[in-house]
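Asks: Questions regarding the structure given below will be posed in turn.
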């Protein structure tokens, strides 16, 4: 700025517009008390979508209850330079010391760039892969939700009468394929003839296409539906309306399908977020790469619905107990893909921390579908 | 919970296409009929995407608060009417471009609906009823495909009525004259501006009702990704339909059915190339446009006052 005493009309207008925008989005304008730790959450979609963003927002809500913590949030921030502006305004205007940019595309380059610029601020990203050489004040966390999907598969295998399960997925990326495969392996551990018909819709949020996919699968005799899309709401509601079972994802969707909801694979971020806030407050180090499953409490399964029988509950609980003592491996040989090729030879195991699982590019035997 | 009967196999594909044509086409039908009316009066309203989303949100919110989905449909229509009036009024000022105003209103409608719709993402509003036309079949799949929503029936009736009205009614003639030549209309003493404003407002009403179908019947809940561009597609359908209401009806059915084809083929095991099948409606449109176009004449049926043709 050239003149500090008389701001130009343009900058005044700009300031007024920014103020108006802030007021319109409901962002807190005032600064926090100096003693409070300000934590910023950034979501790519609405935080009450019954999906991925809601799972993160539930973790944020747990932080709001803590004394001495102030949470600021912004929704629907695109995975572009817009997220850098949001992060900078949270740091400079709100005084945030801990940031959670939660969407996959925020990580590289946006979050890494700002982590270099603001070394005193802690950045925690969901899903990204922090590697040696990235800024030390950045980190990434993620959960092995395929463990919960495996348990959901056991329940689905027990409950399905037709042995046909349906999986509505957005895109064939490793995280999605891992869920489809774990769900199928769980179901086939109960009923070796069970199959999972997969439909890829092509994008993360296409409500009409998801509804069409649900109806097509049900028409083909599928009687348990699950999904990996941003918001499973439409899939769950369509399944309930057509009178088939469903298994949730991201958060508990039982209220959407009170009769047919079996169980679901959920994120459980509250505990992790709370421990991160404690660490920042007390100055304790936080590991840069946090991964964990049922045992570490980063994922959980929904409470069983009324349609889940005794045998299903027992077996799922037994396998869950083995996950909790970390004595259970989902992806172990001999494992074939659905074209007949061996992907893991007999005698070999790929435990949860195996990096080969993070680049999965096959569908296991029993999945009906193709990657392209 | 055993009414998922045995699989239909390949019969599922035509069934899904028919069912999809009925389920998915309704918002296309309402928006394209609305746009058809507006364009016949000589204006283009690109804002109908925003109107559709606004209708979806306001209809859902009203149904939730009053407990009556029909009140929701009415309010969705009125919200659309307001947006149409706004577009019509602004475009009546001198030297205002209707396409630019339409884009502005599209963004406004979308943003406003997202802002006001925040508290309505979670709650469950009562949905619109459906007429069971599949009672004669013992197959649950057929019964499900032939559950026909009342709004679809209304839309189906609207199309020929609008065609007849444009052709034969005095007001229809006024709309057509205003759309084909403002000078001729003025010479005949027809109110050009008022006709255009009311044609845009009525078009907005129809688009709002189309939005209510999305949130109150299929897929049947309010979310921010609900429309994903259906309003824009429907506006384009009007050109595809040659500004003929019955053409809008057929084009909507075609798009609805083609949209169902991708998921249906994957569900019977045709899993290769699903991105291509998902793109089918658009490829189809391109093909029809190419076949139907001619360098020797302008688009048949295009209103003379429309910005696209001159």
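Protein chains in written order, with my numbering: chain Z, 1 to 372; chain Y, 373 to 682. Ideal Cβ positions, reconstructed from N, Cα and C, are used throughout, including at glycine.
Go to residue 382 of chain Y, then tell me how far its beta strand (DSSP E) extends in each direction, as first and last residue.
Replies: Indexing the second chain from 1 puts residue 382 of chain Y at position 10. Unbroken run through residue 382 of chain Y: none, as it is neither H nor E.
Asks: Could you pull the start and end residues of the alpha helix (DSSP H) that residue 207 of chain Z belongs to?
Replies: Indexing the first chain from 1 puts residue 207 of chain Z at position 207. Segment 207-219, the alpha helix (DSSP H) holding residue 207 of chain Z.
Asks: In its own chain, which residues sit with a C-beta less than 6 Å from the C-beta of residue 155 of chain Z, not counting the 5 before and 5 after it?
Replies: To locate residue 155 of chain Z, count along the first chain from 1; it is residue 155. Excluding positions up to five away in sequence, the list reads 262, 263, 308, 312 and 316.
Asks: I want to verify the contact list: residues of chain Z whose CB lies under 7 Å from the CB of residue 424 of chain Y, in sequence order.
Replies: In the second chain, counting from the first residue as 1, residue 424 of chain Y sits at position 52. Going along chain Z, no residue has its Cβ under 7 Å from residue 424 of chain Y, so there is no contact; the nearest lies around 12 Å.
Asks: Any C-beta of chain Z sitting closer than 8 Å to the C-beta of residue 639 of chain Y?
Replies: Your numbering for residue 639 of chain Y matches position 267 in the second chain. Answer yes: the Cβ-Cβ gap between residue 639 of chain Y and chain Z drops below 8 Å somewhere.
Asks: Rounded to the nearest angstrom, what separates residue 638 of chain Y and residue 571 of chain Y at their Cα positions?
Replies: In the second chain, the residue the question calls residue 638 of chain Y occupies position 266. In the second chain, the residue the question calls residue 571 of chain Y occupies position 199. About 42 Å.
Asks: Step through the CB atoms of chain Z and report whether any lies within less than 8 Å of the CB of residue 650 of chain Y.
Replies: Along the second chain, read from residue 1 onward, the residue named residue 650 of chain Y stands at position 278. Chain Z, which has a Cβ nearer than 8 Å to the Cβ of residue 650 of chain Y, makes this yes.
Asks: Can you name the residues of chain Y whose CB is closer than 7 Å to the CB of residue 199 of chain Z?
Replies: As a position in the first chain, residue 199 of chain Z is number 199, starting the count at 1. By Cβ distance, chain Y contributes 635, 638 and 639.
Asks: Going by C-alpha to C-alpha distance, which of Z/118, Z/292 and Z/49 sits closest to residue 99 of chain Z?
Replies: Stepping through the first chain from its first residue, residue 99 of chain Z is reached at position 99. Checked all of Z/118, Z/292 and Z/49; the closest Cα to residue 99 of chain Z is Z/118.
Asks: With a cut-off of 8 Å on the beta carbons, I'd call residue 560 of chain Y and residue 549 of chain Y a contact; round off their distance for me.
Replies: Mapped onto the second chain, residue 560 of chain Y falls at position 188. Mapped onto the second chain, residue 549 of chain Y falls at position 177. With a Cβ gap of about 7 Å, residue 560 of chain Y and residue 549 of chain Y count as contacting.
Asks: With 16 as the cutoff for other CB atoms within 10 Å, does residue 525 of chain Y come out buried or exposed?
Replies: In the second chain, counting from the first residue as 1, residue 525 of chain Y sits at position 153. Burial call: exposed.
Asks: What are the uninterrupted segments assigned as alpha helix (DSSP H) that are 4 or more residues long and contained completely in the stretch 21-106 of chain Z, given in chain order?
Replies: Taking only runs of at least 4 residues, the alpha helix (DSSP H) segments lying wholly in the stretch 21-106 of chain Z are 52-64 and 81-92.
Asks: Could you give the distance in angstroms between the alpha-carbon of residue 628 of chain Y and the alpha-carbon of residue 531 of chain Y?
Replies: Position 256 of the second chain, counted from the start, is the residue given in the question as residue 628 of chain Y. Position 159 of the second chain, counted from the start, is the residue given in the question as residue 531 of chain Y. Approximately 16 Å between the Cα atoms of the pair.
Asks: Is residue 457 of chain Y near residue 569 of chain Y, with beta carbons less than 8 Å apart?
Replies: Along the second chain, one-based indexing puts residue 457 of chain Y at 85. Along the second chain, one-based indexing puts residue 569 of chain Y at 197. Going by C-beta atoms, residue 457 of chain Y is nearer than 8 Å to residue 569 of chain Y.
Asks: Is residue 683 of chain Y close to chain Z? Criterion is C-beta to C-beta, closer than 8 Å.
Replies: Chain Y is shown only over 373 to 682; residue 683 of chain Y falls outside these bounds and no answer can be derived.
Asks: Is the Cβ of residue 590 of chain Y closer than 8 Å to any Cβ of chain Z?
Replies: If you number the second chain from 1, residue 590 of chain Y lands on position 218. Answer yes: the Cβ-Cβ gap between residue 590 of chain Y and chain Z drops below 8 Å somewhere.
Asks: Within the chosen definition, does the stretch 142-160 of chain Z reach the stretch 76-93 of chain Z through at least 3 CB pairs nearer than 8 Å?
Replies: Result no; under three Cβ-Cβ pairs closer than 8 Å.
Asks: I want to see whether chain Y comes within less than 8 Å of residue 215 of chain Z, judged by CB atoms only; does it?
Replies: Within the first chain, numbered from 1, the residue matching residue 215 of chain Z stands at position 215. Judged by the 8 Å Cβ criterion, residue 215 of chain Z is in contact with chain Y.
Asks: Would you identify the three-state DSSP class for residue 235 of chain Z, choosing helix, strand or coil?
Replies: Within the first chain, residue 235 of chain Z is the residue found at index 235, counting from 1. Helix at residue 235 of chain Z.
Asks: If we ignore side chains and look at the alpha-carbon of each, how far apart do residue 185 of chain Z and residue 150 of chain Z end up?
Replies: Position 185 of the first chain, counted from the start, is the residue given in the question as residue 185 of chain Z. Position 150 of the first chain, counted from the start, is the residue given in the question as residue 150 of chain Z. Cα to Cα, residue 185 of chain Z sits roughly 7 Å from residue 150 of chain Z.
Asks: Against chain Z, does residue 421 of chain Y count as a neighbour if the rule is that its beta carbon must be under 8 Å from one of theirs?
Replies: Here residue 421 of chain Y refers to the residue found at position 49 when the second chain is read from its first residue. Closer than 8 Å: no.
Asks: Using a C-beta cutoff of 8 Å, does residue 231 of chain Z count as contacting chain Y?
Replies: Locating residue 231 of chain Z in the first chain gives position 231, where the first residue counts as 1. Judged by the 8 Å Cβ criterion, residue 231 of chain Z is in contact with chain Y.
Asks: On the criterion of 16 or more Cβ atoms from any shown chain inside 10 Å, does residue 12 of chain Z qualify as buried, or is it exposed?
Replies: Your numbering for residue 12 of chain Z matches position 12 in the first chain. Only weak support exists for where residue 12 of chain Z lies, its pLDDT of 49 falling under 50; the coordinates are left without a value.
Asks: Can you tell me which of Z/214, Z/267, Z/231 and Z/252 puts its alpha carbon nearest to the alpha carbon of residue 241 of chain Z?
Replies: Working through the first chain from its first residue, we reach residue 241 of chain Z at position 241. That would be Z/214, whose Cα lies nearest to the Cα of residue 241 of chain Z.
Asks: Do residue 607 of chain Y and residue 396 of chain Y have their beta-carbon atoms positioned less than 8 Å apart in this structure?
Replies: Numbered from its first residue, the second chain carries residue 396 of chain Y at position 24. Numbered from its first residue, the second chain carries residue 607 of chain Y at position 235. For residue 396 of chain Y and residue 607 of chain Y, no; Cβs fall outside 8 Å.
Asks: Rounding to the nearest angstrom, what Cα-Cα distance links residue 434 of chain Y and residue 210 of chain Z in this structure?
Replies: Reading the second chain from its first residue, position 62 is the one you call residue 434 of chain Y. Reading the first chain from its first residue, position 210 is the one you call residue 210 of chain Z. Computed Cα separation, rounded: 25 Å.
Asks: Could you check where the alpha helix (DSSP H) with residue 492 of chain Y kicks off and where it finishes?
Replies: Mapped onto the second chain, residue 492 of chain Y falls at position 120. Per DSSP, residue 492 of chain Y belongs to no alpha helix (DSSP H) and is neither H nor E.
Asks: Kindly indicate which three-state DSSP category residue 141 of chain Z falls into: helix, strand or coil?
Replies: Position 141 of the first chain holds residue 141 of chain Z. Residue state, collapsed to three classes: strand.
Asks: With DSSP as the reference, identify every bridge partner of residue 122 of chain Z, one or two as the case may be.
Replies: Sequence index remark: in the first chain, residue 122 of chain Z carries index 122 (1-based). Answer is Z/98, bridged to residue 122 of chain Z.
Asks: Could you run through the stretch 461-477 of chain Y and flag, in chain order, every residue whose CB is less than 7 Å away from some CB of chain Z?
Replies: Cβ contacts with chain Z: none found.
Asks: Mind checking the stretch 154-183 of chain Z against chain Y and listing, in chain order, the residues whose C-beta falls within less than 7 Å of any C-beta there?
Replies: Taking 7 Å as the Cβ-Cβ cut-off against chain Y, the residues of the stretch 154-183 of chain Z that qualify are 161 and 162.
Asks: Ignore the nearest five residues each way along the sequence and tell me which others in residue 390 of chain Z's own chain have a CB closer than 8 Å to its CB.
Replies: Nothing can be reported for residue 390 of chain Z: it is not among the residues displayed for chain Z, which extend from 1 to 372.
Asks: Specify the secondary structure class of residue 291 of chain Z as computed by DSSP and reduced to three states.
Replies: If you number the first chain from 1, residue 291 of chain Z lands on position 291. Note: residue 291 of chain Z maps to strand in three-state DSSP.
Asks: Consider the Cβ of residue 657 of chain Y: report whether some Cβ of chain Z lies at a distance smaller than 8 Å.
Replies: Residue 657 of chain Y sits at position 285 when you count from the first residue of the second chain. With 8 Å as the cut-off, residue 657 of chain Y does not count as an interface residue toward chain Z.
Asks: Helix, strand or coil for residue 168 of chain Z per DSSP?
Replies: Looking up residue 168 of chain Z in the first chain gives position 168. In the structure shown, residue 168 of chain Z sits in a strand (DSSP, three-state: E or B).
Asks: So, helix, strand or coil for residue 520 of chain Y, using DSSP?
Replies: Along the second chain, read from residue 1 onward, the residue named residue 520 of chain Y stands at position 148. Residue 520 of chain Y: strand per DSSP, three-state reduction.
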